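Number of protein chains: 2
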Amino acid sequence: MYFCIMFEDKKPTRTPLESLGEFGLIKHLTQNFSPKNESTQLGIGDDAAVVAYGSDQGLVSTDLLLEGIHFDLSYVPLKHLGYKSVVVNLSDIYAMGGLPTQITVSVGVSNRFPVEALEELYQGIHLACQKYGVDLVGGDTSSSKQGLVISVTALGSCDASAVVHRSGAQQGDLLLVSGDLGAAYMGLQVLEREKAVFEVNPQNQPDLSDYAYCVGRQLKPEARKDVVELLQELEIRPTSMIDISDGLSSEIIHLTQASQLGCAIYEDKLPMDPEMLKLCDEFKIPNTTAALEGGEDYELLFSIRPEDFSKVKDHPYLTPIGHFKAKEDGVHLITGLGQQVELSAQGWKNFKG
Amino acid sequence: MYFCIMFEDKKPTRTPLESLGEFGLIKHLTQNFSPKNESTQLGIGDDAAVVAYGSDQGLVSTDLLLEGIHFDLSYVPLKHLGYKSVVVNLSDIYAMGGLPTQITVSVGVSNRFPVEALEELYQGIHLACQKYGVDLVGGDTSSSKQGLVISVTALGSCDASAVVHRSGAQQGDLLLVSGDLGAAYMGLQVLEREKAVFEVNPQNQPDLSDYAYCVGRQLKPEARKDVVELLQELEIRPTSMIDISDGLSSEIIHLTQASQLGCAIYEDKLPMDPEMLKLCDEFKIPNTTAALEGGEDYELLFSIRPEDFSKVKDHPYLTPIGHFKAKEDGVHLITGLGQQVELSAQGWKNFKG
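For the protein sequence lines, the chains are A and B, in the order given. With positions in the first sequence counted from 1, the corresponding number in the numbering used here is that position plus 11. With positions in the second sequence counted from 1, the corresponding number in the numbering used here is that position plus 11.
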C-alpha cells in the first residue's frame, strides 16, 4: 500500500538491495555527502570517523526511530523521514546551546525495500545535512526482519562556557518557548484520519492542502538553529534549555526536576497557530491539551534571567509562558480562569499498550 | 522458549516495562554507570552528553544490532548480548589506533520483555564499560514492535599523529593478525546445532563445555585493547589497521582497496585454535574457509613496515600472515600447495535471502 504515497517518482524503478552488496550500498547512498566542517577530519570509509574539536566541548546525542512506533510508512514519505530523523537529533544539540557538526546514521531495512526507497531516505538525510551544515561521517546498513529501523547520532561542539544544561534555572527566571505548540500533534491526527479513509477506499487520495502547516510540522519539523543564533546575537545565555520532543508538560518537568525548582505557566500565554486551533475544534481535542501533551514540536523551551527580558520582549517567535518558582510551590498551569492545574509528564506513553 | 536460557536467575521476577515509565526506565537501567573518563563532562540526563577532547582527535563509530539478523535470543544470553554490542563498537575505535572513552546505547524493546531482561542486557553493557574503561553517556529506550534493536555509538580519542587509517599501507609492508581466526564462526555453528536439537526436544539442555572456547568467542568476544597498547609500547605505528568483523577476506580487501595495493597471504600461516580445528572436522567445514570468511573474531588486522618486524617476531599472539604487493598483483591466498586463490569479499551476505 505505502509505495503509492511513499514515492515522489510515480513509476519507480526497483533495484533489489542485494544487487549492490552491503559496502556498495553504503557507498551508493552516501556518494553525495561531502564534508563541510573543519572538524571533520575523516568521514565514511574507515572503522571510525575522526573529528577534532580544538578547545571546544563535544556534544553527543542519539535517537532510535522504529517503524510502527515512531513513524508509519503508510503516510510518511521516506524523504521526509530521513530529514526528520536528522533534525530530531540536531534539535538536541541546539538545546545544549551548541552547534551540530557531524552525524552518523545506521539503517536496518528489509528486502521489501528497493534501493530507490533507501535513496529517498538518504535524500532527506542529505537535505537536512545541507540545511544545517552537518557532515555525515559514518554509519551502518543492515538487513532487518523487523521493519525499518533508523538510528542517528549527532555530534556537536560548543564553547565550554556556553553549554546550557537543564539544571541551571534559578527561581524567578522566565520561561520562554520558541514558535508555536501542538501543531505537529494535530498534523498527526489529520494523517491518521486520512489513513483510515484510505484503508476503506484506496481510490480516495487525500487532499491535505487545508492542513499544510500542521501536516508539515509533523512530517518535516525543523530544529531551531535560528533561536540559538539569535540568543547568541542578543548576548542572552539561557539558564536552562530543552527541546520539545515529548510535549511541553513533560519538558517543563524535566527542567524543574533538573533545576530542583517549581514552575507556573499560563494557559493564555501558550502560543498556538490558527490552523492548529481550527483542527482542535474539528477533532474536539482541547487545544491546551494538544499544546501541553502533543509533542514533536522541536521548539526550544528555555529560561532567562529577568534582567534579560527586555532584549526579547515582543519578539515575534519567542513567547514568555511562565516563570520558575521554589520547588515546594509545585509545577502548575494557571488556567484562563485562574485555576492551578498540576502538570504531569506523559513521557512514558510509548510503553503503554 | 528463550527465557529458560536467557535468564541466569532461574526464577525470574517479571516487572512490566510500563511500570517504570520511559524516563524511570533509563534512570533505573543506568544508575550504576558512573563516569570515569576526564573527558566525560556530562553524562546521561540532558539533551546531549558533553565530551571534551583537548588537543586529541575524536573518533566515532556506530553499530546497529537487530534480533534475527545479528543475534538469536534463543541461545544468546542478554548479558552477553549487552557486552558484545559494546565490544564490537570499541573494537572499531581500537582499529583506528585510538582509545574509546564514551558510548551511547539506544534500545528498542517490545513489551514481551520484563524489566529484568533489560537489566541483564545493561549488566552486560556495564561489565564492558568497566572492563574497557568507557563511560555510558547517553541513549534512548523505546518500545518496539519489531523484536530487540540495539544501537551503540562509541566515541574515542587519539593523538592526532597516531590515528591509523585503512589507507596507509605501503608495498612491502607485512600484514599481521592478532589472536586466532574462525573460532567465533565455529561457535555459532555449535549454538545453531544445539538450538535445532533443543527445538526437537526441549528437555535436552545443551552441554557446551567441550566447545567452551569457540562458543565463548561467539557469545562474548573481546576487543584487542591490549594489542593497541602493546604496539604503542613497542613503538610500532601500524601503517594500516582494521578489525575483523565480517571475516579476514573481506577486511583484507578493505585494506587493499583503501591503500590501492595488492596482497598475498599464506594459508599455512593463518592462526587457528585446536578446538576450532576439531570443530571444523566435526562439521566438515574446511578450516581455511572458516578462518577466511567466518567473521566476528574482532581481532586486529594490521600492517607494519618490514623494519619493525624484529620487534614482534615470535610474539605469542601476533602472527604475520602475508605482505602487501603492487595493486596489479591482485589479492591472493597462497595455499599449502603453492596455488594462488583470489580472495573475494563476503560482506554483503547480510542482504541475501
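We treat Cβ as the ideally placed atom computed from N, Cα and C, and that holds for glycine. Please read all numbers here as calculations on a predicted model, not as lab measurements.
Taking the alpha-carbon positions, what's the residue i to residue j distance?
i	j	result
glutamine 68(A)	histidine 326(B)	40 Å
arginine 177(B)	tyrosine 86(B)	34 Å
valine 238(B)	glycine 190(A)	53 Å
valine 145(B)	valine 98(B)	11 Å
phenylalanine 82(A)	leucine 132(A)	13 Å
isoleucine 264(A)	valine 174(A)	20 Å
glutamate 240(A)	isoleucine 315(A)	15 Å
leucine 288(B)	valine 188(B)	18 Å
glycine 79(A)	cysteine 225(A)	21 Å
phenylalanine 18(A)	glutamine 268(B)	Its pLDDT being 37, under 50, phenylalanine 18(A) is placed unreliably by the model, and the measurement read from it follows with that caveat. Computed Cα separation, rounded: 35 Å.
glutamine 271(B)	alanine 106(B)	19 Å
glycine 93(B)	alanine 128(B)	11 Å
valine 365(A)	serine 117(B)	Because chain A spans 12 through 364 in this model, residue 365(A) falls outside it and cannot be assessed.
leucine 31(A)	lysine 324(A)	56 Å
With the cut-off set at 7 Å, would you say residue i and residue j are in Cβ contact?
i	j	result
aspartate 74(A)	valine 163(A)	yes
serine 153(A)	aspartate 103(A)	no
leucine 311(A)	arginine 235(A)	yes
glycine 108(B)	glutamine 157(A)	no
threonine 115(B)	glycine 149(B)	yes
glycine 193(A)	alanine 337(A)	no
proline 88(A)	threonine 26(A)	no
isoleucine 161(A)	leucine 290(A)	no
serine 260(A)	leucine 303(A)	yes
isoleucine 332(B)	isoleucine 296(B)	no
cysteine 169(A)	leucine 70(A)	yes
Might you give, ordered along the chain, the residues of its own chain that have their beta carbon closer than 7 Å to the beta carbon of residue i, omitting 5 neighbours on each side?
i	result
lysine 21(A)	Confidence at lysine 21(A) is low in this model, with a pLDDT of 46, below 50, so its placement is unreliable and the value that follows should be read with caution. Contacts found: none.
glutamine 351(B)	His343 and Ile345
phenylalanine 209(A)	Asn215 and Pro217
Short of 6 Å in beta carbon distance, which residues of its chain neighbour residue i, apart from the five on each side in sequence? Order them along the chain.
i	result
leucine 405(A)	No statement about residue 405(A) is possible, as the shown extent of chain A runs from 12 to 364 and does not include it.
cysteine 140(B)	Leu147
lysine 90(B)	Glu131, Gln134 and Gly135
leucine 427(A)	Outside the displayed range of chain A (12 to 364) lies residue 427(A), so it cannot be described from this structure.
glutamate 49(A)	none
alanine 165(A)	Ser72, Asn100, Leu101, Ile104, Pro111 and Ile114
glycine 198(B)	Cys225, Val226, Arg228 and Gln229
serine 121(B)	Ser155
glutamate 29(A)	none
aspartate 151(A)	Ser117
Can a CB atom of chain B be found closer than 7 Å to the CB of residue i?
i	result
alanine 275(A)	no
alanine 173(A)	no
glutamine 11(A)	Shown here, chain A extends from 12 to 364; a query on residue 11(A) therefore has no answer.
serine 153(A)	yes
serine 260(A)	no
isoleucine 315(A)	no
glutamine 68(A)	yes
valine 211(A)	no
phenylalanine 14(A)	Bear in mind that a pLDDT of 29 at phenylalanine 14(A), under 50, signals an unreliable position, so the number given afterwards is only what the model happens to contain. No, because no Cβ of chain B sits closer than 7 Å to the Cβ of phenylalanine 14(A).
serine 256(A)	no
serine 162(A)	yes
leucine 75(A)	yes
serine 325(A)	The residue asked about is misnamed: residue 325(A) is aspartate in this sequence, not serine. Judged by the 7 Å Cβ criterion, aspartate 325(A) is not in contact with chain B.
Using a C-beta cutoff of 7 Å, does residue i count as contacting chain A?
i	result
glycine 79(B)	yes
alanine 234(B)	no
serine 117(B)	yes
threonine 250(B)	no
methionine 107(B)	yes
leucine 201(B)	Before going further, note that residue 201(B) is valine rather than leucine in the sequence given. With 7 Å as the cut-off, valine 201(B) does not count as an interface residue toward chain A.
valine 61(B)	yes
glycine 149(B)	yes
leucine 89(B)	no
valine 239(B)	no
valine 120(B)	no
aspartate 103(B)	yes
By Cβ distance, which residues of its chain are closer than 8 Å to residue i, with the 5 residues on each side in sequence left out?
i	result
glycine 347(A)	Glu278 and Asp279
aspartate 184(B)	Thr250, Ser251, Ser314, Ile315, Arg316, Pro317, His334 and Phe335
aspartate 254(B)	Ser102, Asp103, Tyr105, Ala106, Ala234, Arg235, Glu262, Tyr309, Glu310, Leu311 and Leu312
DSSP has residue i in a bridge; who is on the other side?
i	result
serine 154(A)	Val120(A)
glycine 273(A)	Lys336(A)
leucine 76(B)	Ile161(B)
Verify the contact flag: residue i, CB atom, against every heavy atom of the ligand MG, threshold strictly below 6 Å.
i	result
alanine 128(B)	Ligands are entirely absent from the displayed structure, and the ligand MG is therefore not among its contents.
What residues of chain E sit near residue i, judged by a beta carbon separation below 7 Å?
i	result
leucine 166(B)	Absent here is chain E; the protein component of the structure consists of chains A and B.
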